[in-house]
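This report concerns only the one structure given below.
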Amino acid sequence: MFHVTELSQFRKCRTAWSYKYQEQLQHKTAVNYNSLLGTNVHYALAGYYARDFNPIVQFKRKCEESPSSPEVDEMNILGTIMLEGYLECYKDEKLEVVSVEVPYTAMMGNYDLIGTLDLVVKIDGLIYGVDHKTCKTFTNPEDVSNDDQMSAYIYLLSKYFGYENVGGMIYNQLLKKIPASPQLLKNGSLSKDKSIVTTRQKYYDAIIENGLNPDDYEDILYKIECTYKFYDRMVTTRTEHELKTWEQNTIAQMSDMSTPLVYPNVSKDHIGGCARCSFYTLCRATRVSSDLDYVNEIRDTEFEVCTDEFHGTDMEEMSE
Ligand code: SF4
């Protein structure tokens, strides 16, 4: 059985794939707060869509599991603001939830493929998968239409619900950015500097807090509303022919993965580059030294076996 998240990792670097998915290794200390923020936001949104739990409470609770540090405090503030804005942005939507964090599987040739969808919803009679993404910038639509993971999820949904019943995948993006507060000028008014990156709500709140008249700020409020987005949803689809081709290619890859020849893809050019790879010290040690004791010492002191359910999301986040 192969998991959707490991397909692209195998193509990027077989050694990293082997460390992560075969040996289930993860670095002991190098906490990737970007990745942790994404994991905790996923956890919060899962509780929200599955059981109507308050996602901010869920998020804060999840953050408390990490040892206290300035980075965790920063993550806590950023995630809370992101989720507050998310609730405000989508407060009027009524989603018909089909499943939350449920694994879907399909038999492909001699192999099973499994993928856990963050959320599956029904809109106007069609099934859509939803993939939550916390990101520094919104992804280009062209990149989403070529995203192999989205193809995998549409494939799995099509196998389960029937191609004609699936509308596609919704790429649900939450920007990792805190909306700025407008500057209060000496004359008591708010700055109308158009370069401010904020939300209409944040600017409006500042108007009210300072006892000002919203009518005097309609121009900048309109500009902010039209210019800046902190949340974006993009629907991506695949033709039946695309899915057929994807299926053939993926079966060939899975055949390769079932008896893999593992070799490092040493490069400064591939996504993230070796220098940003969490397995760098171990991988480099195996390349530069024939001393097995030395390699094993690095493995034992720096790495641990991790079997937690979100282990598979780390490398994906590394590509941001
Ligand atoms: S350091 Fe480079 S070659 Fe080694 S596992 Fe990581 S990505 Fe692959």
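Numbering of the sequence shown is given in the numbering used here, commencing with residue 1045 and proceeding in unit increments.
Where a beta carbon is used, it is the ideal one built from N, C-alpha and C, also for glycine.
Note to self: What residue range does the beta strand (DSSP E) around S1334 cover?
What the structure shows: Here residue 1334 refers to the residue found at position 290 when the sequence shown is read from its first residue. It is not in any beta strand (DSSP E) - S1334 carries neither H nor E in the DSSP assignment.
| Alpha-carbon to alpha-carbon, I1295 and T1124 | In the sequence shown, counting from the first residue as 1, residue 1124 sits at position 80. In the sequence shown, counting from the first residue as 1, residue 1295 sits at position 251. The alpha-carbon atoms of T1124 and I1295 are separated by roughly 41 angstroms.
Exercise for review: Under 8 angstroms Cβ to Cβ from V1241, same chain only, skipping five residues before and after it: list those, please.
Suggested key: Residue numbering aside, residue 1241 sits at position 197 when the sequence shown is read from its first letter. K1221, P1223, A1224, Y1272.
Is DSSP giving G1159 helix, strand or coil here? Translated into positions along the sequence shown, residue 1159 becomes position 115. G1159: strand per DSSP, three-state reduction.
Is V1241 close to the ligand SF4? I mean its beta-carbon at under 7 angstroms from any heavy atom of the ligand. The residue you call residue 1241 lines up with position 197 of the sequence shown. Because no heavy atom of the ligand SF4 lies under 7 angstroms away, the Cβ of V1241 does not count as near it: no.
- request: Classify I1100 as helix, strand or coil using the three-state DSSP reduction.
  value: Position 56 of the sequence shown holds residue 1100. I1100 falls in the helix class under three-state DSSP.
Comparing alpha-carbon positions, which option in E1346, G1317, T1073, M1126 lies nearest L1089? The residue labelled residue 1089 in the question sits at position 45 within the sequence shown. Across the set E1346, G1317, T1073, M1126, the C-alpha of M1126 shows the shortest separation from the C-alpha of L1089.
From G1212, P1147, T1183, residue whose alpha carbon lies closest to that of E1171 = Reading the sequence shown from its first residue, position 127 is the one you call residue 1171. Going by the sequence as given, residue 1171 is Ile instead of Glu. Comparing Cα positions, the closest option is G1212.
- By Cβ distance below 6 angstroms, which residues in the same chain neighbour M1298 in space, the five residues on each side in sequence not counted? Locating residue 1298 in the sequence shown gives position 254, where the first residue counts as 1. Taken in chain order, the residues that qualify are F1046, Y1155.
- My understanding is that E1132 touches Q1227, with C-beta atoms under 8 angstroms, so please give their C-beta distance in whole angstroms. Translated into positions along the sequence shown, residue 1132 becomes position 88. Translated into positions along the sequence shown, residue 1227 becomes position 183. Rounded, the Cβ-Cβ distance is 23 angstroms, inconsistent with contact.
> In the DSSP assignment, what are the bridge partners of M1151?
Replying inline: Numbered from 1 along the sequence shown, position 107 holds the residue referred to as residue 1151. Under DSSP, M1151 forms a beta bridge with D1156.
Report task. Specify, as a first and last residue, the run of the alpha helix (DSSP H) that N1076 falls within. Result -> Residue mapping note: residue 1076 aligns to position 32 of the sequence shown, counting from 1. Counting along the chain, N1076 falls outside any alpha helix (DSSP H), and DSSP gives it neither H nor E.
### Extent of the continuous alpha helix (DSSP H) to which M1301 belongs
Taking the first residue of the sequence shown as position 1, residue 1301 is located at position 257. Taken as a continuous stretch (DSSP letters only), the alpha helix (DSSP H) holding M1301 covers 1284-1302.
Open item on the list: Please tell me whether, using a cut-off of 7 angstroms, the distance from the CB of T1049 to the nearest non-hydrogen atom of the ligand SF4 is below it.
Closed with: Within the sequence shown, the letter at position 5 stands for residue 1049. No; taking the cut-off as 7 angstroms, the Cβ of T1049 has no heavy atom of the ligand SF4 nearer than that.
- Any heavy atom of the ligand SF4 within a distance shorter than 7 angstroms of the CB on V1310? One-based indexing of the sequence shown puts residue 1310 at position 266. Because some heavy atom of the ligand SF4 lies under 7 angstroms away, the Cβ of V1310 counts as near it: yes.
- Message: I'd like the list of long-range same chain contacts for P1308, defined as Cβ closer than 7 angstroms, with 5 residues on each side in sequence excluded.
- Response: Counting from 1 along the sequence shown, the entry for residue 1308 is found at position 264. Cβ neighbours of P1308 beyond the five flanking positions: C1057, T1059, C1327, R1331.
>> Between A1224 and the ligand SF4, is there a pair consisting of the residue's CB and a ligand heavy atom that are separated by less than 7 angstroms?
In response: Working through the sequence shown from its first residue, we reach residue 1224 at position 180. Flag unset: Cβ of A1224 not near the ligand SF4.
Do you know whose CA, among N1084, P1114, I1158, P1111, lies nearest I1100's CA? Residue mapping note: residue 1100 aligns to position 56 of the sequence shown, counting from 1. Of the candidates N1084, P1114, I1158, P1111, the one whose C-alpha sits nearest the C-alpha of I1100 is N1084.
Q.
Once the 5 residues before and after L1256 are set aside, which same chain residues still bring their CB inside 6 angstroms of it?
A. By 1-based counting over the sequence shown, the position of residue 1256 is 212. Nothing meets the Cβ criterion.
* Given 8 angstroms, three or more beta-carbon pairs between the region 1138-1153 and the region 1097-1112 -> no
Problem - For Y1307, three-class secondary structure by DSSP - result: For the purposes of this step, residue 1307 is taken as the residue at position 263 of the sequence shown. In this structure, Y1307 counts as coil in the three-state DSSP scheme.
Report task. Give the straight-line distance between the Cα atoms of G1082 and N1120, rounded to the nearest whole angstrom. Result -> Within the sequence shown, residue 1082 is the residue found at index 38, counting from 1. Within the sequence shown, residue 1120 is the residue found at index 76, counting from 1. When rounded, the distance between both Cα atoms is 12 angstroms.
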